[in-house]
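Protein chains: 2
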Amino acid sequence: MDLNEALAQLAELEKKLYAYQAASSSLYLDATTTAPRDTAEGRGVALGVLAGERHKLFASPGTGELLNLLWEKRDGLDRLRFREVKELRRACAQLTRIPPDEYMEYAMLTNEASGVWRRAKEQNDFELFRPVLEKLAAFNIKFAGYYDPSKAPYDALLNEYERGVDMEYLDGFFATLRARIVPLLQAVMAKEAPDDSFLRRHYPIEAQRKFSAYLMEVLGLDRAHCAIGETEHPYTLEFNNKDVRITTRYDEDNLAFSMYSVVHEGGHAKYELGVCDEVQYTCLAGGVSMGVHESQSRFYENLIGRSRPFIEAIFPKMRELFPEQLADVTAEQFHRAVNKVRPSLIRTEADELTYCLHIMVRYEIEKRLIGGTLAVKDVPELWNRLYKEYLGVDVPCGREGCLQDSHWSGGDFGYFPSYALGSAYAAQMLKNMEADMDVWGPVSRGDLSGVSAWLGEKVHKFGGLLEPAGVVKNACGQFDPTVFADYLEKKYSALYGL
Amino acid sequence: MDLNEALAQLAELEKKLYAYQAASSSLYLDATTTAPRDTAEGRGVALGVLAGERHKLFASPGTGELLNLLWEKRDGLDRLRFREVKELRRACAQLTRIPPDEYMEYAMLTNEASGVWRRAKEQNDFELFRPVLEKLAAFNIKFAGYYDPSKAPYDALLNEYERGVDMEYLDGFFATLRARIVPLLQAVMAKEAPDDSFLRRHYPIEAQRKFSAYLMEVLGLDRAHCAIGETEHPYTLEFNNKDVRITTRYDEDNLAFSMYSVVHEGGHAKYELGVCDEVQYTCLAGGVSMGVHESQSRFYENLIGRSRPFIEAIFPKMRELFPEQLADVTAEQFHRAVNKVRPSLIRTEADELTYCLHIMVRYEIEKRLIGGTLAVKDVPELWNRLYKEYLGVDVPCGREGCLQDSHWSGGDFGYFPSYALGSAYAAQMLKNMEADMDVWGPVSRGDLSGVSAWLGEKVHKFGGLLEPAGVVKNACGQFDPTVFADYLEKKYSALYGL
Chain X
51 MDLNEALAQL
61 AELEKKLYAY
71 QAASSSLYLD
81 ATTTAPRDTA
91 EGRGVALGVL
101 AGERHKLFAS
111 PGTGELLNLL
121 WEKRDGLDRL
131 RFREVKELRR
141 ACAQLTRIPP
151 DEYMEYAMLT
161 NEASGVWRRA
171 KEQNDFELFR
181 PVLEKLAAFN
191 IKFAGYYDPS
201 KAPYDALLNE
211 YERGVDMEYL
221 DGFFATLRAR
231 IVPLLQAVMA
241 KEAPDDSFLR
251 RHYPIEAQRK
261 FSAYLMEVLG
271 LDRAHCAIGE
281 TEHPYTLEFN
291 NKDVRITTRY
301 DEDNLAFSMY
311 SVVHEGGHAK
321 YELGVCDEVQ
331 YTCLAGGVSM
341 GVHESQSRFY
351 ENLIGRSRPF
361 IEAIFPKMRE
371 LFPEQLADVT
381 AEQFHRAVNK
391 VRPSLIRTEA
401 DELTYCLHIM
411 VRYEIEKRLI
421 GGTLAVKDVP
431 ELWNRLYKEY
441 LGVDVPCGRE
451 GCLQDSHWSG
461 GDFGYFPSYA
471 LGSAYAAQML
481 KNMEADMDVW
491 GPVSRGDLSG
501 VSAWLGEKVH
511 KFGGLLEPAG
521 VVKNACGQFD
531 PTVFADYLEK
541 KYSALYGL
Chain W
51 MDLNEALAQL
61 AELEKKLYAY
71 QAASSSLYLD
81 ATTTAPRDTA
91 EGRGVALGVL
101 AGERHKLFAS
111 PGTGELLNLL
121 WEKRDGLDRL
131 RFREVKELRR
141 ACAQLTRIPP
151 DEYMEYAMLT
161 NEASGVWRRA
171 KEQNDFELFR
181 PVLEKLAAFN
191 IKFAGYYDPS
201 KAPYDALLNE
211 YERGVDMEYL
221 DGFFATLRAR
231 IVPLLQAVMA
241 KEAPDDSFLR
251 RHYPIEAQRK
261 FSAYLMEVLG
271 LDRAHCAIGE
281 TEHPYTLEFN
291 NKDVRITTRY
301 DEDNLAFSMY
311 SVVHEGGHAK
321 YELGVCDEVQ
331 YTCLAGGVSM
341 GVHESQSRFY
351 ENLIGRSRPF
361 IEAIFPKMRE
371 LFPEQLADVT
381 AEQFHRAVNK
391 VRPSLIRTEA
401 DELTYCLHIM
411 VRYEIEKRLI
421 GGTLAVKDVP
431 ELWNRLYKEY
441 LGVDVPCGRE
451 GCLQDSHWSG
461 GDFGYFPSYA
471 LGSAYAAQML
481 KNMEADMDVW
491 GPVSRGDLSG
501 VSAWLGEKVH
511 KFGGLLEPAG
521 VVKNACGQFD
531 PTVFADYLEK
541 KYSALYGL
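Sequence order for the protein chains is X and W. Going from the first sequence to the working numbering is simple: count from 1 and add 50. Going from the second sequence to the working numbering is simple: count from 1 and add 50.
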């Protein structure tokens with residue numbers, strides 16, 4: 051087979067993988083937005099087959115031979131194809147270590163688990179979720195051994211979400227943050243809290259939907275390529291760089307929840323929509339890693355969305371949409387309210403300062419659970435104890451405790467730390483962006499095009515063309531978590547007059 | 051290979067076909083309900099691959115050998131497996147006659163075409179749609195030759211939608227109806243028309259959504275297994291007998307449109323939800339043919355939904371949901387209004403009496419288009435001429451003319467006649483149902499359980515276990531289109547005092 055024929059076969063292989071992924075995504079999107087309640091069975095059959103076909107494709111001798119042939123001829127490949135073959139060979143190796151029947155069983159389990167988790171959360175009943183969580187954890191421990199038997203299981207899983215990251219690295223990262231956040235939090239809590247009661251007035255869902263549309267416009271999200279849906283737990287789903295979906299959840303008695311969900315998921319969507327055309331329908335399409343992805347969502351949510359200039363820019367529109375609710379509120383008050391620090395129970399509603407503490411709880415639990423030193427039945431107890439220890443709050447029930455997140459029901463163990471890494475990357479990106487251009491002048495006029503262009507050039511366009519560490523280096527320089535700590539100190543000192 | 055192993059392989063093959071179908075359905079559902087506008091490209095890639103994989107599965111020598119082996123051992127198969135193998139062999143033969151590249155190209159074309167058709171309809175511009183319609187017609191003429199080169203192309207296509215039906219049969223069927231409908235229509239039009247202006251008062255969409263939910267409840271559609279969405283053109287989509295979707299479109303100035311869309315699609319959904327468990331995830335799952343399917347939707351829409359007892363039963367709820375709009379309207383007036391006869395432009399808004407005339411226009415056009423005696427560019431002219439001739443109305447523009455239906459954009463030529471056949475089957479089913487039980491007493495109390503049980507036993511449960519003609523025989527006895535003509539005569543004579 052000559053190189054051209056091999057490249058044609060590679061393109062066909064990638065299109066097939068894209069199709070299976072798009073099909074699974076579509077079924078997932080449907081399941082979480084519009085599917086009737088008791089329909090998991092048939093979807094499980096379909097998802098199981100699709101996962102099995104994908105697995106078979108990776109495991110087929112033909113695929114291995116094709117990739118080996120292309121690897122031998124790698125000197126003749128351009129940068130894109132070189133990266134593509136390298137990543138595919140890695141993915142292939144990882145996946146083929148999992149026996150096909152286990153892989154299919156796992157796909158069907160995660161499909162079932164999301165329904166069980168939803169019911170357990172609704173009914174506030176951890177026992178309902180426990181048996182599937184046990185199976186999910188057991189599968190992940192086994193898979194970790196397949197991925198890299200030389201690593202501790204949790205290290206092997208972490209490496210799948212953010213290559214190069216392990217427990218040693220994260221223990222240090224979190225220790226640095228904890229040492230800076232805890233005294234800062236204490237100083238903040240000693241001050242008078244701003245009034246944020248107006249955020250929990252009655253905000254009708256229809257007006258909130260209009261607000262979402264406005265926020266997407268300000269973010270520069272093209273609605274011809276990006277739709278918004280409604281789900282229990284907001285997420286972003288990408289089909290390709292011309293078809294991205296975000297979701298939110300509306301709470302009539304809480305304006306900030308959906309507002310910052312939209313800005314957060316909008317940040318993810320900006321990334322996906324900004325990836326270059328060249329890598330579409332290949333394994334290099336889409337954001338490069340969870341951590342880099344979170345850097346983008348958090349950049350928009352916290353660094354832009356919770357900044358004074360941004361609030362000033364959008365406040366007139368908010369007053370228009372919610373004239374009665376915000377009649378007695380100024381932009382300054384709103385800015386202080388959405389930056390109010392308050393140790394709380396729910397991660398997705400946490401303020402920027404305590405957020406990392408929520409992550410540390412999950413990190414500590416996952417570390418033990420996957421490490422085999424914590425039984426699933428003991429998760430609620432440890433969860434509650436750590437929330438008391440790190441955040442000083444008492445967890446009253448599972449719904450506000452260890453049943454709050456969807457991640458574990460989707461089989462995602464090792465994902466949470468990337469949220470904290472993303473926050474830290476984002477702070478360093480902002481520092482560099484401020485050195486390159488006037489960030490806040492345009493933002494205060496509601497013009498995010500400069501921000502968008504900078505992130506597009508430094509992060510978005512590459513997709514998987516660079517390694518995660520390469521993208522971080524490109525946008526952050528040498529990564530240094532103290533930049534994030536400095537940012538938090540500066541921000542909250544100003545807000546609370548420390 | 052022994053029989054048990056062959057049956058296990060058959061089940062695996064069927065599951066795979068189910069998965070590809072479910073995946074394509076999910077992508078279609080998404081495309082028509084929530085996908086952003088400019089996203090057809092990526093979906094086309096995925097749908098093309100899925101169609102190609104399905105095609106490859108059918109065309110693979112292994113599949114042929116498996117089906118041949120099972121066919122040789124057919125004496126050892128139970129009724130279900132026997133039918134399954136027979137139908138799969140037929141489907142396999144039909145599909146493998148289409149070359150894989152043409153099949154994939156066609157899948158991508160129909161995906162593209164639905165977007166083009168939507169824009170053409172929006173912009174009222176047939177020229178925009180013409181090039182894709184030309185391609186679609188050319189593909190279908192070619193495919194007809196693959197299906198059965200001994201038949202005229204249109205006969206070959208008709209046979210795919212309703213096995214055994216051809217132009218000779220339909221020419222006779224439509225002639226019978228025309229001979230009875232035309233004088234009846236003239237008699238009706240000579241009488242004073244009932245007032246139906248109140249149907250076009252302002253009916254807020256939110257209240258109409260509640261009305262849809264109520265109608266689904268009355269029909270006995272379990273919302274845990276049947277969801278409702280909103281699309282330009284209402285349709286029913288089934289994943290399996292526990293997961294069915296219907297869609298509707300709300301017009302704030304027209305109560306009847308969505309009302310009867312919901313009851314119509316609800317009839318399709320009842321059928322799909324009523325198919326027995328044994329045939330799920332096989333080629334025998336789902337309704338057996340387009341004609342039988344339409345008999346169910348029309349049974350609920352027209353024979354039940356437009357009956358006086360049904361209107362009496364639901365009228366109190368309507369008065370509750372639309373108190374001002376219906377303040378001066380009685381159930382009797384409502385019943386007369388939704389049965390008002392008026393030759394019109396739009397098929398989906400046509401009354402029960404003139405509906406078949408709309409179908410005859412499409413039948414005549416398809417017959418010539420696929421027969422090669424009509425060029426696509428001349429479709430609007432012939433459409434407009436036939437509407438004038440059959441219905442006496444002038445077509446002012448494409449949107450209200452030949453751009454109104456989605457069918458051709460989906461590549462469906464030969465589908466329309468099944469609508470008329472379905473109406474005729476339904477009338478004969480009602481006659482037999484009335485002989486078996488008290489239909490109207492329970493219906494007048496809003497209790498459709500008896501109707502549902504009768505149709506469940508006579509039609510729904512079989513799925514594809516019987517041939518279409520077998521189901522028709524089971525529920526209708528010997529098919530006789532004059533029963534439908536008698537029904538129309540009796541109904542409209544009473545309504546219009548003829």
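Don't be surprised by glycine CBs; every beta carbon is placed ideally from N, CA and C.
* **Which residues DSSP lists as bridging D301(W), in chain order** => Position 251 of the second sequence, counted from the start, is the residue given in the question as residue 301(W). Answer is N304(W).
* Mind listing the chain X neighbours of G279(W)? Cutoff is C-beta to C-beta under 9 Å, in chain order. => Sequence index remark: in the second sequence, residue 279(W) carries index 229 (1-based). Here the neighbours are T84.
* P150(W) to E155(X), Cα distance in whole Å? -> In the second sequence, residue 150(W) corresponds to position 100, counting from 1. In the first sequence, residue 155(X) corresponds to position 105, counting from 1. C-alpha separation (whole angstroms): 32 Å.
* Validate contact between the segment 243-256 of chain W and the segment 289-303 of chain W using beta carbons, cut 8 Å, 3 pairs -> yes
* Asked: What span of residues does the beta strand (DSSP E) with L498(X) cover, start to end?
  -> To locate residue 498(X), count along the first sequence from 1; it is residue 448. From DSSP, L498(X) is part of no beta strand (DSSP E); its letter is neither H nor E.
* Can you find a C-beta in chain X that's less than 8 Å from the C-beta of G92(W)? -> As a working note, residue 92(W) is residue 42 in the second sequence. Closer than 8 Å to some Cβ of chain X, the Cβ of G92(W) qualifies, so yes.
* For N352(X), does the three-state DSSP call read helix, strand or coil? -> One-based indexing of the first sequence puts residue 352(X) at position 302. N352(X) falls in the helix class under three-state DSSP.
* **F289(X), DSSP secondary structure in three states** => Along the first sequence, one-based indexing puts residue 289(X) at 239. Strand at F289(X).
* Would you be able to state if there are at least three C-beta pairs under 8 Å between the segment 135-142 of chain W and the segment 103-121 of chain W? => yes
* To do: Please determine, among G165(W), R87(W), Q330(W), the residue with the shortest C-alpha to C-alpha distance to L178(W).
  => Here residue 178(W) refers to the residue found at position 128 of the second sequence. When only C-alpha atoms are compared, the closest one is G165(W).
* Between the Cα of I364(X) and the Cα atoms of D497(X), T297(X), A274(X), E344(X), which residue gives the shortest distance? -> The residue given as residue 364(X) occupies position 314 in the first sequence. The option with the nearest alpha carbon to I364(X) is D497(X).
* To the nearest angstrom, how far is it from the Cα of A206(W) to the Cα of Y197(W)? -> The residue labelled residue 206(W) in the question sits at position 156 within the second sequence. The residue labelled residue 197(W) in the question sits at position 147 within the second sequence. Taking the straight line joining both Cα atoms gives about 6 Å.
* To do: Could you check which residue in F224(W), S357(W), A476(W) has the C-alpha nearest to that of P492(W)?
  => Here residue 492(W) refers to the residue found at position 442 of the second sequence. The option with the nearest alpha carbon to P492(W) is S357(W).
* How about A263(X): is its C-beta nearer than 8 Å to some C-beta of chain W? -> Your numbering for residue 263(X) matches position 213 in the first sequence. Closer than 8 Å: no.
* Asked: What are the start and end residues of the alpha helix (DSSP H) that includes G195(X)?
  -> As a position in the first sequence, residue 195(X) is number 145, starting the count at 1. G195(X) -> alpha helix (DSSP H) spans 176-197.
* Does the Cβ of N290(W) have 16 or more other Cβ atoms within 10 Å, making it buried, or fewer, making it exposed? -> Along the second sequence, one-based indexing puts residue 290(W) at 240. Result: buried.
* **chain W contact residues for F108(X), given Cβ-Cβ distances below 8 Å** => Indexing the first sequence from 1 puts residue 108(X) at position 58. Correct list: empty, because the minimum Cβ distance to chain W is about 15 Å.
* Asked: Of the residues that make up the segment 329-358 of chain X, which ones have a beta carbon closer than 9 Å to any beta carbon in chain W?
  -> Q330, Y331
* Can you tell me the Cα-Cα spacing of D80(W) and T83(X), whole angstroms? -> Numbered from 1 along the second sequence, position 30 holds the residue referred to as residue 80(W). Numbered from 1 along the first sequence, position 33 holds the residue referred to as residue 83(X). The alpha-carbon atoms of D80(W) and T83(X) are separated by roughly 11 Å.
* Asked: In chain order, what residues of the same chain lie with their CB nearer than 6 Å to the CB of D401(W), ignoring the 5 residues before and after it?
  -> To locate residue 401(W), count along the second sequence from 1; it is residue 351. Correct list, in chain order: V391.
* To do: Specify the secondary structure class of C406(W) as computed by DSSP and reduced to three states.
  => Along the second sequence, read from residue 1 onward, the residue named residue 406(W) stands at position 356. In the structure shown, C406(W) sits in a helix (DSSP, three-state: H, G or I).
* When we look at the beta-carbon of K66(X) and count the other beta-carbons within 10 Å, is it buried (16 or more) or exposed? -> In the first sequence, residue 66(X) corresponds to position 16, counting from 1. So K66(X) counts as buried.
* **First and last residue of the uninterrupted alpha helix (DSSP H) at C142(X)** => Counting from one through the first sequence, the residue named residue 142(X) turns up at place 92. First-last of the alpha helix (DSSP H) with C142(X): 129-146.
* So C526(X) is in the alpha helix (DSSP H); what residue range does that whole segment cover? -> Counted from its first residue, the first sequence places residue 526(X) at position 476. Element bounds for C526(X): 518-526.
* To do: Identify which residue in A58(X), A387(X), T226(X) has its Cα closest to the Cα of D530(X).
  => Residue mapping note: residue 530(X) aligns to position 480 of the first sequence, counting from 1. Among A58(X), A387(X), T226(X), the Cα nearest to that of D530(X) belongs to T226(X).
* Asked: Any idea if K292(W) is buried or exposed, counting beta-carbon neighbours within 10 angstroms, 16 or more meaning buried?
  -> Sequence index remark: in the second sequence, residue 292(W) carries index 242 (1-based). So K292(W) ends up on the buried side.
* Alpha-carbon spacing of D378(W) relative to A163(X), whole angstroms -> Here residue 378(W) refers to the residue found at position 328 when the second sequence is read from its first residue. Here residue 163(X) refers to the residue found at position 113 when the first sequence is read from its first residue. Computed Cα separation, rounded: 52 Å.
* When the cut-off is 8 Å and only beta carbons count, does R435(X) lie next to chain W? -> Here residue 435(X) is taken as the residue at index 385 of the first sequence, counted from 1. So no, R435(X) is outside the interface.
* **Secondary structure of E212(W), DSSP reduced to three states** => Position 162 of the second sequence, counted from the start, is the residue given in the question as residue 212(W). Three-state DSSP puts E212(W) in coil, outside helix and strand.
* Asked: Mind checking whether S345(W) and H318(W) have CB atoms under 8 Å apart?
  -> Counted from its first residue, the second sequence places residue 345(W) at position 295. Counted from its first residue, the second sequence places residue 318(W) at position 268. Result no, Cβ atoms of S345(W) and H318(W) do not sit closer than 8 Å.
* Would you say G506(W) and L334(W) are within 8 Å of each other, going by their C-beta atoms? -> As a first step, residue 506(W) is located in the second sequence; it is residue number 456 there, counting from the start. As a first step, residue 334(W) is located in the second sequence; it is residue number 284 there, counting from the start. Not in contact: G506(W) and L334(W) (Cβ atoms no closer than 8 Å).
* To do: Determine the DSSP secondary structure at I396(W), reduced to helix, strand or coil.
  => Translated into positions along the second sequence, residue 396(W) becomes position 346. In the structure shown, I396(W) sits in coil (DSSP, three-state: anything other than H, G, I, E or B).
* 8 Å Cβ cutoff met for V313(W) and G355(W) -> Locating residue 313(W) in the second sequence gives position 263, counting from the first residue. Locating residue 355(W) in the second sequence gives position 305, counting from the first residue. Yes. Within cutoff.
* Got a sec, what are the start and stop residues for the beta strand (DSSP E) G279(X) sits in? -> For the purposes of this step, residue 279(X) is identified with residue 229 of the first sequence, where counting begins at 1. Unbroken beta strand (DSSP E) run through G279(X): 276-280.
* Please list the partners that H275(X) has in chain W, where partner means a Cβ-to-Cβ separation under 7 Å. => On the first sequence, residue 275(X) is found 225 positions in, with the first residue counted as 1. What H275(X) touches in chain W: P86, D88, T89.
* **Neighbourhood of F384(W) by C-beta, 7 Å cutoff - its chain only, sequence neighbours within 5 removed** => Here residue 384(W) is taken as the residue at index 334 of the second sequence, counted from 1. Excluding residues within five positions, the ones whose Cβ falls inside 7 Å are I361, F365.
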